[in-house]
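Reading through the structure tokens given below for one structure.
Residue numbers (this note's numbering), protein chains in the order written: chain A, 158 to 570; chain B, 22 to 217.
Right under this line is the structure:
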């Protein structure tokens, strides 16, 4: 009997607990929510790192936050791609079923702006992001089929000196090919950021990309621009780029080296006629172009202002860049996937209110009014200082000229 | 013929004298009329219109006004901090209902159109100029509100179902070293209108 009572009591307690648990979510329903992640990096071979996510929710009475809205670039461990800059991620969730978020990155000196004001960052220097180093160590300059392209008669003629030709060419081109290994892909970024807002019905967002481009720096310091990114990208704007400019630069270097150095390199080989030279070089250059061909496919896949929407909710990513497999053979120790400025807003829903007696007659809902006024700036440069300096310089120049003329006249007089 | 030529100088002198007298009398009459009926021009009604210039004589501030829109619930002044923004969702100056909302930047390093707004005092005059005239206002209150307080009181400050055409001027204040913590809100009622 006692056992039965205990069992019944436990069952009642369990049922009560179940009821309480099932009721809990209703009382703690999310009225509004938003989140922001400034930056996420996935590195080839070494894993991923990110700035963390700052997420806020409002249950109709209080706002709760998780994560930090003051991320530091130094917290992005295990990577060398980004060393300096200003990260921003902020979000607000209000009890009136509205939420806002913003996130992004800018160079040092940028001003942070709270969420709800549109952009998160203002001003700042540009950041040079070391996206990938190019590795040409697998490039075979002299292949075993170097002489196969020549006709049989020429092959016979050149046979005794094939090894010497191969050696001379390898020696001639080695410095150039070895030097290619210092090349790298860089992404130069101004302020890159996204923002979003949501109410109980709709959500919207946008991204801005200030003065950004992707380029390759060749070992000699030459810069080959791959693509300039648009400042105000369309929704889900794709930007793909290849390295054909780099291939062109490499091939041009090889041709110049061969043109300028070949006669000297083969000077001792009197058996090598112009015909042999021509055919061997054609085979060599064709082989190199074939090996570099993957770089002429798209190597960077960039999506700007990527927007993922669902009813009442939106996720906006300002920049999403991937290094495509086409480049894998030539890209080492690199960034595999980079996302900058991911902001999410909604879905939001107003608190279900208890029905009151004699509810007031429904009026037209109040029109939307501002709840935030962003009427503050740290500084503003309208260029007047430059103009004043220019005018001052002109006045000084004019005064100098006047004095000089005066002195000259005195001397003549 | 000879008589006429003899009599002409006195006649001309008399005519000139009478004309001079008439002009003096007319001038005195006009001055007296101006003194006795100084507000006559105010009787001409100035229609509501989009603001073109905001003038704060007590702060020695004048700024061009341009229309701005809401972005979500954010009111962002014009990019040029020397300009003032008029929220197009608010009443036009001269309207009998609603309130005219204008906002301008405070720039920490100087140069903002409303940098001096924190020095304005109750009772001072604020004028807003449209293409048809000038609406003169007198400051009723100066409030400093945190961001949270502003959001909570948004309907009172910006709502268009009340206000009787009053003017609302707003900018940022309380620089904390990296941003602004508060807004300063000036409310002013209209007391006169002057046709241009």
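No residue lacks a Cβ here, since even glycine has one placed at the ideal position from N, Cα and C.
For residue 132 of chain B, the closest Cβ of chain A is nearer than 7 angstroms. Here residue 183 of chain B is exposed: its Cβ has fewer than 16 other Cβ atoms, across all protein chains shown, within 10 Å. Look at the beta carbons and you see the stretch 449–469 of chain A touching the stretch 402–412 of chain A: at least three pairs across the two are nearer than 8 angstroms. Residue 96 of chain B and residue 107 of chain B do not touch by the CB rule: their CB atoms are close to 10 angstroms apart, not below 8 angstroms.
Boundaries around residue 480 of chain A are those of the beta strand (DSSP E), 470–480, since no alpha helix (DSSP H) includes it. In this structure, the CA atom of residue 195 of chain A is about 26 angstroms from the CA atom of residue 203 of chain B. Note on geometry: alpha-carbon atoms of residue 380 of chain A and residue 342 of chain A lie some 10 angstroms from one another. Using a Cβ distance threshold of 7 angstroms, residue 159 of chain B and residue 117 of chain B do not count as a contacting pair. The alpha carbon of residue 287 of chain A has as its nearest neighbour, out of A:298, A:478, A:558, A:186, the alpha carbon of A:478. Within a 10 Å sphere around the beta-carbon of residue 214 of chain B sit 16 or more other beta-carbons, which makes this residue buried. In this structure, residue 414 of chain A places its C-beta atom within 7 angstroms of the C-beta atom of residue 333 of chain A.
According to the DSSP secondary-structure assignment, residue 88 of chain B is paired through a beta bridge with B:107.
Collapsing the DSSP output to three states places residue 537 of chain A in coil.
Within the same chain, Cβ atoms closer than 6 angstroms to the Cβ of residue 156 of chain B are found at 114, 115, 149, 211, 214, the five residues on either side in sequence being excluded. By the neighbour-count criterion, in which 16 or more other beta carbons inside 10 Å mark a residue as buried, residue 565 of chain A falls on the exposed side. Under DSSP, residue 156 of chain B shares a beta bridge with B:149, B:214. Judged by DSSP in its simplified three-state form, residue 208 of chain A adopts coil rather than helix or strand.
Taking CB atoms only, residue 104 of chain B has no neighbour in chain A less than 7 angstroms away. Against chain A, the CB of residue 156 of chain B has no partner CB under 7 angstroms away; the residue lies outside that interface. Under the three-state reduction of DSSP output, residue 45 of chain B falls in the helix class. Within the model, the alpha-carbon separation for residue 349 of chain A versus residue 371 of chain A is close to 14 angstroms. Not one beta carbon of chain B lies nearer than 7 angstroms to the beta carbon of residue 211 of chain A.
In this structure residue 260 of chain A touches residue 193 of chain A by the C-beta definition: roughly 4 angstroms separates them, less than 8 angstroms. Using a Cβ-Cβ distance cut-off of 8 angstroms, the stretch 499–508 of chain A and the stretch 456–475 of chain A are in contact, since at least three pairs of beta carbons, one from each stretch, lie closer than that value. For a cut-off of 8 angstroms, the C-beta gap from residue 141 of chain B to residue 207 of chain B is around 6 angstroms, short enough to register as a contact. Taken through DSSP and simplified to helix, strand or coil, residue 74 of chain B comes out as strand. Around the beta carbon of residue 123 of chain B, a 10 Å sphere encloses 16 or more other beta carbons of the protein chains shown; the residue is thus reported as buried. For residue 94 of chain B, the closest Cβ of chain A is nearer than 7 angstroms.
Taking the CA atoms as reference points, residue 376 of chain A sits about 33 angstroms from residue 389 of chain A. Ranked by Cα distance from residue 201 of chain B, the first of A:557, A:560, A:530, A:563 is A:530. Around the beta carbon of residue 94 of chain B, a 10 Å sphere encloses 16 or more other beta carbons of the protein chains shown; the residue is thus reported as buried. In the three-state reduction of the DSSP assignment, residue 323 of chain A falls in the helix class, which pools H, G and I.
Residue pairing from DSSP leaves residue 568 of chain A without any beta-bridge partner. In this structure residue 208 of chain A is not in contact with residue 250 of chain A, their Cβ atoms being roughly 20 angstroms apart against a cut-off of 8 angstroms. Residues of chain B whose Cβ lies closer than 8 angstroms to the Cβ of residue 525 of chain A are, in chain order, 91, 94, 110.
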